[in-house]
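Here our numbering = 1-based position in the sequence shown + 60.
Ideal Cβ placement from N, Cα and C applies to all residues, glycine included.
Read through the structure below, which is laid out as structure tokens, and then see the notes.
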Amino acid sequence: MKKENSVSELHPTPYALHPFVRWLDRAIIFWLFVLAAAAPHSIAATQIAWLCGMLVWGVRLIVKPRFFRTPIDYALLCFILLTIISAFTSYAPDISTGKLRAVSLFTIVYLVAQNVNSRRVLRLLALVLIASCVVNVFYTMAERAVGRGVKIVGVAASSPLAAAIFRRADNKITAPTAIQSGDTVLEVDGRKVSSPEELVAALDKMDADSTPARVRIYRAEWMPVLEVPRGKLLDGQTPLERLGIGGWSRGRDWRASGFFGHYVTYAEALQLIASLAFGIFIALPFKRSLKGALLLAAVALFGFALLLTVTRASQLGLLISAGVIVLVGLKSRRTMLLMAACALPLVLVGLLVLQQKRQVGFFDRSDGSVSWRETVWREGFQLLTSKPRHLLTGVGMDSIKRYGCEWELFDKCRLPVGHMHSTPLQLALERGLPALLAWLALIFLYGRMLWRLARVDFADGWIERGLALGALGGLAGFFASGLVHYNFGDSEVVMIFYLIMGLCLALERQIRVE
């Protein structure tokens, strides 16, 4: 059995033994662990860890430069360069250049890949990411048990809630959008409400300029902010009478979002981390063990939380990921069939939850989100092909938010102004076809590297093989769900994606050195 390589063994230079250099290396590893622990929870904490790690690494490079090539360098750096060009040629360069801060997250790949030199650190970082996400899932389950907001039961026609309106992105008022029975009131003027008394107090409070209250509700597929008139409560003795509602309860039917602000972000993060945990489980030699039980429990918890997000594309992405992991990681057909048999009831449960929570089937053309996507895809493709400039450098990141209505996107702004709900289309439209091709090359080269890593005989390094398997499956699921989601636009998801990519690049380098 090979002895695990240390930093000094991998890089036998006298300078590497200098106490200050060793301190810098340890500080970088510390911030990488903070990054891995924070990634499933907080974008702010994750970015603080990333920036601190980059600062220490910058000092490390000044003291003793050390940089290693990776199999994805040319594709990744070409994609970043083309993105920068598109930002400066944008229709809204002030907005697009501001987005370069998010683009700079790609440095997470190199922060991890260039500084993880120990197999032990590699394993621990992967396990910390998984364990931290388990905490996240427990929070999601507890939040669901407690409930949140005020779920309305029965709304009288005279209720001030029935007078709510929704203001469109172009600042024009649509037809009145009454708060209905079954809606859950989450916030008023940015403050959470948890009882009718709090809702009454918020709506009864008059501002100096008498502006309407901004009330965020949850309604199946929609979380709009509605404008409700202040000081228009009904006469009555109880909060229910003053609100003009028949009853209330705690809301428990929202789509889970964990510590993130959106359920799709949470679902994509769960898909990546669940794939990692499942890959390590498949690589485990003795699955009937405490380690196997813990890994399987983690996968089950992630799957349960993913069901609560009711996000079809991410759920399908995880199924694709699991299929890839099983096909590449297992040799026994019997075990493959057993895994497929276990997956079938989970699929049925997912379809049942989808039907109950969203009242739609998995592939349902009557679903509003499907017609919405068809609309923005058609409009996005038309805008992309309308000018050679758009094909070459794109319209610029987030310029759609300024000019979308002028370009008659989103059904002439009848739909909320957002994005194209497809990573390839969004990248092509905002950054140009060359940038999309560079991104596809990056995905291909990364996938090919993972395929080769997954087929390496690691002897006793089952976590390393599991990392490669989980990353390969996660990549397949991430790409598949990205066809109908702009998951590459979520910084929270991208940081997890880059962290796993960096770990796999570090593993690939360690294998080459050995």
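Under the three-state reduction of DSSP, Arg208 is assigned to strand. The three-state reading of DSSP puts Ala98 in helix, counting H, G and I together. Cβ contact annotation for Ala223 (same chain, cutoff 8 Å, sequence separation greater than five): Pro236, Ala238, Val288, Pro289, Lys292, in chain order. For the pair Leu336 and Ile190, the CB atoms are nearer than the 8 Å cut-off. With 16 or more other CB atoms across the displayed protein chains lying within 10 angstroms of its CB, Thr130 is buried. Put simply, of Ile145, Leu184, Val123 the residue whose alpha carbon is nearest the alpha carbon of Leu95 is Leu184. Contact between Gly307 and Leu300 holds, since their C-beta atoms are separated by about 7 Å, short of 8 Å.
Scanning its chain for C-beta atoms nearer than 7 Å, with the 5 sequence neighbours on each side dropped, one finds around Ala327 the residues Leu366, Thr369, Thr371, Ser374, in chain order. For Leu475, same chain residues with a beta-carbon under 8 Å away, outside a window of 5 residues either side, are Trp432, Thr435, Val436 in chain order. Ranked by Cα distance from Thr244, the options Gly214, Ser270, Arg227 are led by Gly214. Taking the C-beta atoms as reference points, Pro272 is found no nearer than 8 Å to Val210. When secondary structure is reduced to three states using DSSP, Gly214 falls in the strand class. With fewer than 16 other beta carbons inside 10 angstroms of its own, Ile122 counts as exposed. For the pair Leu332 and Gly534, the CB atoms are nearer than the 8 Å cut-off.
Nearest in C-alpha terms to Glu490, of all of Val195, Ser459, Val181, is Ser459.
Check the Cα spacing between Asp249 and each of Arg276, Gly542, Cys473: the tightest is with Arg276. Two segments are said to touch when three or more pairs of C-beta atoms, one from each, lie closer than 8 Å; by this definition the region 151 to 166 touches the region 458 to 472. At a Cβ-Cβ threshold of 8 Å, Leu286 and Phe226 count as neighbours.
Between the alpha carbons of Trp467 and Leu500 lies a gap of roughly 28 Å. Assignment of Arg179 by DSSP, reduced to helix, strand and coil, places it in the helix class. Residue burial annotation: Leu141 is exposed, with fewer than 16 other C-beta atoms found within 10 angstroms of its C-beta.
According to DSSP, residue pairing for Trp432 in a beta bridge does not occur. Beta-carbon to beta-carbon, Leu559 and Val195 are separated by about 17 Å, too far to satisfy the 8 Å threshold. Leu443 is positioned such that its CB atom lies no closer than 8 Å to that of Ser482. Rounded to whole angstroms, the Cβ separation of Phe128 and Arg569 is 6 Å, and the two are in contact under 8 Å. Taking every protein chain shown into account, the CB of Lys252 has fewer than 16 other CB atoms within 10 angstroms, so this residue is exposed.
Around Ala566, the same chain offers Val172, Ala173, Val176, Leu182 as residues with beta carbons nearer than 7 Å, after the five sequence neighbours per side are excluded. DSSP places Ile342 inside the alpha helix (DSSP H), whose first and last residues are 323 to 343. Around the beta-carbon of Ser241, fewer than 16 other beta-carbon atoms lie within 10 Å, marking it exposed.
Counted as a single uninterrupted DSSP element, the alpha helix (DSSP H) harbouring Ile503 occupies residues 493 to 514. Here Glu287 is bridged, per DSSP, to Ile225, Arg274. Rounded to the nearest whole angstrom, the CA to CA distance from Gly454 to Met480 is 13 Å.
By the neighbour-count definition (other C-beta atoms within 10 Å, threshold 16), Glu439 is a buried residue.
Taking the Cα of Ile212 as reference, the smallest distance to any Cα among Ser192, Asp264, Leu165, Ser309 is reached at Ser309.
Sorting Arg86, Ser218, Trp282, Pro100 by C-alpha distance to the C-alpha of Gly296 places Ser218 at the top. Excluding residues up to 5 positions away in sequence, Ile88, Trp91, Leu92, Leu95, Leu171 lie with their Cβ nearer than 7 Å to the Cβ of Gly113 in the same chain.
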